[in-house]
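Trainee: Under the working numbering, the first residue of the sequence shown is numbered 1378, with each subsequent residue one higher.
Positions of the beta carbon are idealized from the N, C-alpha and C atoms, including for glycine.
Owing to the predicted nature of the structure, the values given are computational and were not obtained by experimental measurement.
Pasting in a structure now, in structure tokens, and then I'll have a few things to ask.
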Amino acid sequence: MKKVLVAFLLITNFLFCQNSDHTCTILNKINFLIQNEHVRPKPVDDSLSVYVFDNLMDELDPSRNVFFKSEYDEMSKLYRLNIDDLILKGDCSFLYDIIAKYKTGLLRTKAVLEKIQAGSIEYNKKDTIRFYKKAFTFYLKKEDLERVWLKKLRYQILDDIAEKSNNLDSLKLNFKSIESQSRSTVLSNEICRINTILERKDTQQESFYNFFCAYFDPHTAYFSDDTKSSFVASLSKEHFSLGVSLKLNEKNEIIIEELDPNGPAFQTGQIKKGDQIVSISNQKETLHVSCASLESVSSMILSESNKKITLTLKRNSGKNFEVYIEKQIMKDEDNSVYSFIIGKESKIGYIKIPSFYADLDENDRKGCADDVAREVIKLERDNINGLVIDLINNGGGSMEEAIRLSGMFIDYGPLSVVVDNKQNKSVINDPYRGLIYKGPIVLLINSNTASASEFFASILQDYNRALLVGSNTLGKATMQTIVPLDEHTTTDFLKISINKFYRVTGKSHQNTGVTPDVVLPEFYENVFQKESSFPTAIKNDSIIPLLKYKPYVKRSLIDKIAKNSSARLADNFYFKQIREINSKIDAMINVPKTEVPMTLNSIFEQKTIREKLWKEINTFSDENNPLDVYNSTVNQFLLGVYPAEKTINQYQIDNLKTNPYLNEAVNIINEFNTSK
């Protein structure tokens, strides 16, 4: 027996050494590319070591209920200041030591949960709980493990009970039976979640690679072949799809929200709206949904490499049934440009650009710029008097598409200055002479307007070509490219920040965002994560401008119209209410909480406050007169040819009719036309 055990340990250590060598090989290839190509490379030193170690600990044990303090202290002493040296030496065994301790922690946690599952929980004992917005120190002692988990589970169960009804008296009256069901659900999900982590064939390697990359900036990242293909697909208006959308129902079950009648899921004839997803299989592994997040389920469904999927479904609490589906190339309606006309007398064109998608696979599919040009031509045939371009929630995409689109709205001249890691400067010039549209333009932007869309917005602002309305943008003025880690690999890639963009004025919106000419509030603006939220974001700076360019109109006209707009909206009921609701959201999410009593009364009260605020947000509407929104003559004809598009078309129209940002954009264009 001893010989067998020794042989097993030798094999295990040999495999760990192999994995360690592979991990360090990948990390050193990543570092080589970063040091040579990154726009702002940094040395691999103690600062990197601390950043990587702390982020790994936060990911493995965010609630501080897996690792004992003694285990954390030991790992911290060994590795927190030494990861940099170990990587450079080619010794990455530390990662497998950390993962081994993590799995040990998960196994003992599972044992504690199974013990609690077999017993009962005391709810009358006085206790409180406090929630922390940021990570807190490791504190757990061996003798406190069961007590800490009992407290966490007690809160989760009471919270689950509070969600069952809006009648507190009814919950109290039926507490025993409801508690039994909630306790079973909560504990089963916790144990299932641990089992899922323990059964996973992959380790924390990919996360570790990404923490290493993120030290240099938030947008540099490691890509496996799978993550690369999914990322590329996200920049396309067509990709492999099942033709389904998912949502969490009131029971926290993941269900089919919608089925695209043109999609493969609908065409099986076996799937219906409302079906609950029990598990998902990609022929290699199976994900049990009951203990998985909506993000992990969506990731498995959306992954470009998972072209064949088997869904295990349940309908109306009946028996489970399996459906095999092969993905098809489908148009992504949420990633396609579309247009409308606003108003009958003074016709204003409206174009929504959801992202700067491109045909990165060179399959002769049109990119964003060509699609916008097509919509402009359609609108021009109906003699529009102005154009609103909507970049709200446009997270960017292809810089090439953004350059092409900018050139269509600028007559001629420089668009931007690009600086690389050797401080070499190059000018991006307008690729097209002339303009596709000469009338006034308003751009709608918000906190989620990022990257390529910020690039486009900043150019039109600097040329006085458009007036910007909305809130400050994200603040990303860097460009990334995807490269293989070496010339022989087809499985490991690096998305790396290689350039920084400067505006024609010499300024940059990196880390600060593009500031609109008319600032308007938006829901959750104090919650949205900005570029400046990331500790490793590249700082803002500027260069000496040497470019000559000709503004479209005088800045004084833009400033005058912007000032009039701000005055017009100063007492606007809608925007005043958004500011008031935002202060409530801020108080709920960002303000440190006092201790909450661990009672059904207190937790039910917290739920009621959340639901009241959520209802206030969802039922809030604009009191302005509805806008007259309709299709251009060409698009109306196309709807007759493709009637399947009518549902999404009407949905888009209904959303725009009471859009207060669009309403003000129309007012601005009308004022611009009378000011000429």
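Out of Asn1544, Glu1681, Arg1781 and Glu1576, which one is the CA nearest neighbour of Ser1607?
Mentor: Closest option to Ser1607, Cα to Cα, is Glu1681.
Trainee: In the DSSP output, which residue or residues are listed as bridge partners for Pro1974?
Mentor: Answer is Thr1505.
Trainee: What are the boundary residues of the alpha helix (DSSP H) that includes Lys1755?
Mentor: Note, Lys1755: alpha helix (DSSP H), Cys1745 to Glu1757.
Trainee: Would you mind working out which of Glu1902, Ser2009 and Asn2036 sits nearest Ala1964, comparing C-alpha positions?
Mentor: Comparing Cα positions, the closest option is Glu1902.
Trainee: Can you tell which of Ser1723, Leu1946, Asn1978 and Tyr1516 has its C-alpha closest to the C-alpha of Tyr1500?
Mentor: The residue with the shortest Cα to Cα distance from Tyr1500 is Asn1978.
Trainee: Between Ala1854, Leu1871, Glu1778 and Tyr1879, which lies nearest to Pro1861 when the distance is taken from Cα to Cα?
Mentor: Measuring from the Cα of Pro1861, the nearest candidate turns out to be Leu1871.
Trainee: Note down, one range per segment and in chain order, each beta strand (DSSP E) of at least 3 residues found wholly within the segment 1823-1848.
Mentor: If we require 3 residues or more, the beta strand (DSSP E) runs fully inside the segment 1823-1848 come out as 1844-1847.
Trainee: Return the CA-CA distance between Leu1820 and Thr1645, expressed in angstroms with no decimal places.
Mentor: Near 42 Å, if we compare the C-alpha coordinates of Thr1645 and Leu1820.
Trainee: Tell me, please, which residues DSSP counts as bridged to Phe1870.
Mentor: In the DSSP output, where bridge partners are listed per residue, Phe1870 has Phe1600 and Pro1861.
Trainee: Going by C-alpha to C-alpha distance, which of Leu1548, Leu1575, Gln1533 and Cys1590 sits closest to Thr1562?
Mentor: When only C-alpha atoms are compared, the closest one is Gln1533.
Trainee: Ends of the beta strand (DSSP E) at Pro1791?
Mentor: Run containing Pro1791: Pro1791 to Val1796, per the beta strand (DSSP E) assignment.
Trainee: Between Asp1797, Glu1972, Ile2025 and Asn1959, which has its C-alpha nearest Phe1997's C-alpha?
Mentor: Of the candidates Asp1797, Glu1972, Ile2025 and Asn1959, the one whose C-alpha sits nearest the C-alpha of Phe1997 is Asn1959.
Trainee: When you compare only the Cα positions, how much space is there between Cys1745 and Cys1590?
Mentor: Rounded to whole angstroms, Cys1745 to Cys1590 spans 29 Å at the Cα level.
Trainee: Just reading off the beta strand (DSSP E) that Glu1567 is part of, what are its end residues?
Mentor: Careful: Glu1567 lies outside any beta strand (DSSP E), inside the alpha helix (DSSP H) at Phe1552 to Glu1576.
Trainee: Provide the residue(s) that pair with Met1856 in DSSP beta bridges, ordered along the chain.
Mentor: Looking at the DSSP assignment, Met1856 forms a beta bridge with Asn1876.
Trainee: Taking the alpha-carbon positions, what's the Ile1769 to Asn2036 distance?
Mentor: Taking the straight line joining both Cα atoms gives about 12 Å.
Trainee: Here's the rule I'm using: 16 or more other beta-carbon atoms within 10 Å means buried, otherwise exposed. How should Gln1660 be labelled?
Mentor: The residue is exposed, with fewer than 16 neighbouring Cβ atoms inside 10 Å.
Trainee: In angstroms, rounded to a whole number, what distance separates the CA positions of Ser1470 and Phe1733?
Mentor: Each residue's Cα considered, the two are about 42 Å apart.
Trainee: If contact is defined by three or more beta carbon pairs under 8 Å, each pair taking one atom from either stretch, is the segment 1919-1927 in contact with the segment 1874-1887?
Mentor: In short, these stretches touch, since the Cβ pair count reaches three.
Trainee: Would you check if the segment 1792-1808 and the segment 1745-1757 touch, i.e. whether three or more CB-CB distances between them fall below 8 Å?
Mentor: No, because fewer than three Cβ pairs between the segment 1745-1757 and the segment 1792-1808 fall closer than 8 Å, the two stretches do not touch.
Trainee: Mind checking whether Glu1556 and Ile1538 have CB atoms under 9 Å apart?
Mentor: Yes, these two residues count as a Cβ contact at 9 Å.
Trainee: Let me check understanding here. Comparing Cα to Cα, which of Glu1540, Ile1718, Asp1839 and Gln1857 lies closest to Arg1987?
Mentor: Cα-wise, what sits closest to Arg1987 is Glu1540.
Trainee: Give me whichever residues DSSP pairs with Glu1703 in a beta bridge.
Mentor: The partner list for Glu1703 (beta bridge, DSSP) reads Lys1685.
Trainee: Going by C-alpha to C-alpha distance, which of Lys1691, Gly1695, Lys1696 and Val1700 sits closest to Lys1685?
Mentor: The residue with the shortest Cα to Cα distance from Lys1685 is Val1700.
Trainee: Rounded to whole angstroms, what's the CA-CA distance from Asp1788 to Asn1771? Just pull it up for me.
Mentor: Cα to Cα, Asp1788 sits roughly 24 Å from Asn1771.
Trainee: Quick test of the definition: if touching needs 3 or more C-beta pairs under 8 Å, does the segment 1823-1833 touch the segment 1946-1959?
Mentor: Contact fails: fewer than three Cβ-Cβ distances are below 8 Å.
Trainee: If I follow the unbroken beta strand (DSSP E) through Leu1636, where does it start and stop?
Mentor: Where Leu1636 is concerned, the enclosing beta strand (DSSP E) stretches over Ile1631 to Leu1636.
Trainee: If we count the other Cβ atoms within 10 Å of its Cβ and call it buried at 16 or more, is Ser1344 buried or exposed?
Mentor: Residue 1344 is absent from the model: the chain starts at 1378 and stops at 2053.
Trainee: Tell me the rounded alpha-carbon separation between Phe1900 and Asp1474.
Mentor: Each residue's alpha carbon lies about 44 Å from the other.
Trainee: Report the option in Leu1564, Tyr2019, Ala1779 and Tyr1727 whose CA atom is closest to the CA atom of Leu2097.
Mentor: The requested residue 2097 does not occur in the structure, where the chain is confined to residues 1378 to 2053.
Trainee: In angstroms with no decimal places, state the Cα-to-Cα distance between Lys1549 and Asn1543.
Mentor: The straight-line gap from Cα to Cα measures roughly 12 Å.
Trainee: Just reading off the beta strand (DSSP E) that Lys1802 is part of, what are its end residues?
Mentor: Start and end: Lys1802 to Asn1806.
Trainee: Run through the DSSP bridge pairs and tell me what Tyr2007 is partnered with.
Mentor: In DSSP, Tyr2007 forms a bridge with Ile1718.
Trainee: Relative to the C-alpha of Thr1481, which residue among Ser1713, Ile1498, Leu1437 and Val2006 is closest?
Mentor: Residue Leu1437 is the option with its Cα nearest to Thr1481.
Trainee: Contact check, Gly1774 vs Ala1829 under 8 Å by CB: the rounded distance?
Mentor: That pair is a contact at about 5 Å.
Trainee: Just verifying my parser: in three-state terms, what is the DSSP assignment at Ser1998?
Mentor: Coil, per DSSP.
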